[in-house]
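J.: In the UniProt record's numbering, the protein residues as written are 1 to 677. Where is the CB? At the ideal position from N, CA and C, for every residue including glycine. This structure is a prediction, so every number in the text was calculated from the model and none was measured. Just passing along the structure, written as structure tokens.
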């Protein structure tokens, strides 16, 4: 099924068209751990047993793999480019060529053993590649001659294997690591500035930094295993990195490093704004000048930064200053100003009280009468009212971001609301990590989150919320919470990353790379967790206890708590969470509520069960998307559960087959109750 607006076909269809087998439901981690901890070699054999005699196991690193994968003849890309880069193909990634061409460079791609002539290029690039750098002696000799030629100095840059080859040519030694570094979000610290960056890596060999000759120095170091990640010449334009800067797994500004002074204070307090009342108190303390009177410094995020994120007018100006967008809005203090602002923005609009928690005093207005009522209610809670353009139906996405006083910045977790924008995050079902974003959208929002947090100068932990157009890459920043919030608690539990603990350390001026990962006790806390499981949060309401309270949910919170479940799939985690919220339900049960299209359009605390009933009654995913604006990906997952209800309710002649029960368990149906039926 294709759910994303950019998708042309499903992964299954793409694999089938190319005859590529796909493997799922096989967890090889235990086997991998056993193999890597011992001396046993393993391999995957294609075919059906019994197998004939197999060739002996061999170490591929004994071969010159670079010679096998390198181009055989030179190729030219973007021949009209302003500068000429000669790229030595050791197993080059095409994105490296794209990155060079994007900067208007002419790229001459040459074989690994090509004779290097500085007169033919403006800069030399040595690519990544497979295998042991020792096998590339001819290329190392060519590079050594280039480095030794002081009369024709041209910039030289290497990536991954290119880094190892440059280091070898300079006089360093390399060695095979025990496990290698393969994956995303590996933290590397820049030597000198202390800036730590998330990087993408895939290598099994490393450079021995202790063998670095005179005239060269370390550029980057891996914070986890302290292996070398880059070298640079002290006077000449020769440098290299072990990671892949052309990848989008980390920050895109690895060429820019900023150094901030460590906060050193004798006395201090930290404004951890857990409630809006605390925020108002800190603002009053700041205005009273009592902190200056007693020489008390504020640890962590400056109070002015918190004011900037909470005051909607200042917030919008700050966001526009860095080229980002907030939804069209206006800050008003009277009902008349609210009506005037709404007329300029255009109905429908959302009205909400400034400096309030849980969406208190907020709601949507389709006309002047509705806005007048909302404004009167909202201004009773705050002196300022925010009138926003309504973005109902857009996706709501959140990122939890951590930053230290030295500008090290990571995103710990991203979350996606199952319900579209228009329902408060505290009222919505939330899934972590996001399930419907493309890789491009994920990093687009991640990069923006980091840019915004650095611009506001927040030190510690904060939350940024987006509205994302479901049919394009258009997005608006909804708000930034420079504090620990309900979403922070969910992110911390979902990832196992101790946000509150780390935020407290950062407020004391401790650099993020210095703080240890509390789980391993060895690696750094400057990393971005990767989840191979799905986390679902569902709110709990007790509205039935109050006779005159509307069961409709929206922009202000009515929930009294929430549950969080973990599963290998969305369906499993979702059904598990539903049973945790109410022990009297079996999960996504289609028999609890009847179909009601009004309830699908205007959500209530029981809308999920109305949705289940609609699927049971033959409503299509397209029809339900039209009614609910819930992303089709989630609707298809809900449909998977309801479709399996039909299989379980079929006549199995007194005995449910094992395969049926196994699939039911993966979807987290209550097996014990099924067996009792």
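What number of angstroms, rounded off, separates the C-alpha of residue 164 from the C-alpha of residue 525?
T.: 27 Å
J.: What number of angstroms, rounded off, separates the C-alpha of residue 36 from the C-alpha of residue 568?
T.: 24 Å
J.: Quick check on residue 529: does DSSP put it in helix, strand or coil?
T.: coil
J.: Pair every Cβ in the stretch 571–582 with every Cβ in the stretch 396–403, then say whether three or more of these pairs are closer than 8 Å.
T.: no
J.: Considering Cα atoms alone, identify which of 14, 597, 610, 596 is closest to residue 679.
T.: The structure shown does not extend to residue 679, since the chain is modelled only from 1 through 677, so no value can be given for it.
J.: Quick one: measure Cβ to Cβ for residue 110 and residue 89, integer angstroms, because I've assumed they're closer than 8 Å.
T.: About 7 Å; that satisfies the 8 Å criterion.
J.: Apply the 10 Å Cβ neighbour rule to residue 188 and answer buried if 16 or more other Cβ atoms are within range, or exposed otherwise.
T.: So residue 188 ends up on the buried side.
J.: According to DSSP, is residue 206 part of a helix, a strand, or is it coil?
T.: strand
J.: Suppose contacts are defined by Cβ-Cβ distances below 7 Å. Is residue 386 in contact with residue 428 by that definition?
T.: no
J.: Go ahead and label residue 403 buried or exposed: buried means 16 or more other beta carbons lie within 10 angstroms of its beta carbon, across all protein chains shown.
T.: Residue 403 is buried by the Cβ-count criterion.
J.: Look up residue 539 in the DSSP assignment and say whether it is helix, strand or coil.
T.: strand
J.: Could you check if residue 517 is buried or exposed, using at least 16 other CB atoms within 10 Å of its CB as the buried criterion?
T.: Label assigned to residue 517: buried.
J.: Quick check on the burial criterion: 16 or more other C-beta atoms within 10 angstroms. Buried or exposed for residue 201?
T.: buried
J.: CA-CA distance, residue 250 and residue 243?
T.: Reliability of the predicted coordinates at residue 250 is poor, the pLDDT of 49 falling under 50, and no value is obtained from them.
J.: Tell me the start and end of each unbroken beta strand (DSSP E) in the stretch 137–184 that is at least 3 residues and wholly inside, in chain order.
T.: Counting only runs of 3 or more, we get 156–159.
J.: Start and end of the beta strand (DSSP E) containing residue 233?
T.: 228–233
J.: With a CB to CB cut of under 7 Å and the five nearest residues on each side skipped, what residues in its chain are close to residue 412?
T.: Residues 400, 402, 491, 495, 497, 499, 528, 529 of the same chain have their beta carbon placed closer than 7 Å to that of residue 412, with the five preceding and five following residues left out of the count.
J.: Which ranges does the beta strand (DSSP E) cover as unbroken runs of at least 3 residues, wholly within the stretch 64–118, from first to last along the chain?
T.: 75–77, 83–88, 105–110
J.: What first and last residue would you give for the alpha helix (DSSP H) that runs through residue 638?
T.: Looking at the DSSP string, the run of the alpha helix (DSSP H) that includes residue 638 is 632–648.
J.: Closest by CA to residue 323, which one among 129, 222, 373, 476?
T.: For residue 323, the nearest C-alpha among the options comes from 476.
J.: Look up residue 3 in the DSSP assignment and give the residues it is bridged to.
T.: Residue 3 is not bridged to any residue.
J.: I need the boundaries of the alpha helix (DSSP H) containing residue 35, first residue and last residue.
T.: 29–37
J.: So residue 239 and residue 229 are supposed to be a Cβ contact under 8 Å. How far apart are they, rounded?
T.: Residue 239 to residue 229, Cβ: 12 Å. No contact.
J.: Rounded to a whole number of angstroms, what is the C-alpha to C-alpha distance between residue 507 and residue 625?
T.: 44 Å
J.: Could you please give me the residues that DSSP links to residue 617 through a beta bridge?
T.: The partner list for residue 617 (beta bridge, DSSP) is empty, contrary to what the question assumes.
J.: Would you report the Cα separation of residue 268 and residue 480, rounded to the nearest angstrom?
T.: Residue confidence is low: residue 268 scores 39 on pLDDT, short of 50, so the model does not pin down where it sits. Its coordinate-derived value is still stated next. Cα to Cα, residue 268 sits roughly 24 Å from residue 480.
J.: Just to confirm before moving on: does the CB-CB distance between residue 91 and residue 69 stay below 7 Å?
T.: yes
J.: Say whether chain C places a C-beta atom closer than 7 Å to the C-beta of residue 575.
T.: The question asks about chain C, but that chain is absent: this structure has only one protein chain.
J.: What does residue 460 pair with, by DSSP beta-bridge criteria?
T.: 403
J.: I need the boundaries of the alpha helix (DSSP H) containing residue 340, first residue and last residue.
T.: For residue 340, the enclosing alpha helix (DSSP H) stretches over residues 335–345.
J.: Quick one: what does DSSP say residue 60 is sitting in, helix, strand or coil?
T.: Residue 60 falls in the helix class under three-state DSSP.
J.: Just verifying my parser: in three-state terms, what is the DSSP assignment at residue 434?
T.: In the structure shown, residue 434 sits in coil (DSSP, three-state: anything other than H, G, I, E or B).
J.: Got a sec? Which residues, its chain only, sit under 7 Å from residue 209 by beta carbon, not counting five neighbours each side?
T.: 218, 228
J.: Measure the beta-carbon distance from residue 177 to residue 186 and round it to whole angstroms, keeping in mind my assumption that it falls under 8 Å.
T.: Wrong, their Cβ atoms sit about 13 Å apart, outside the cutoff.
J.: Under DSSP, the alpha helix (DSSP H) around residue 492 begins and ends at which residues?
T.: Going by DSSP, residue 492 is part of the alpha helix (DSSP H) stretching over 486–495.
J.: Closest to residue 444 by CA distance: which of 388, 347, 467 is it?
T.: 467
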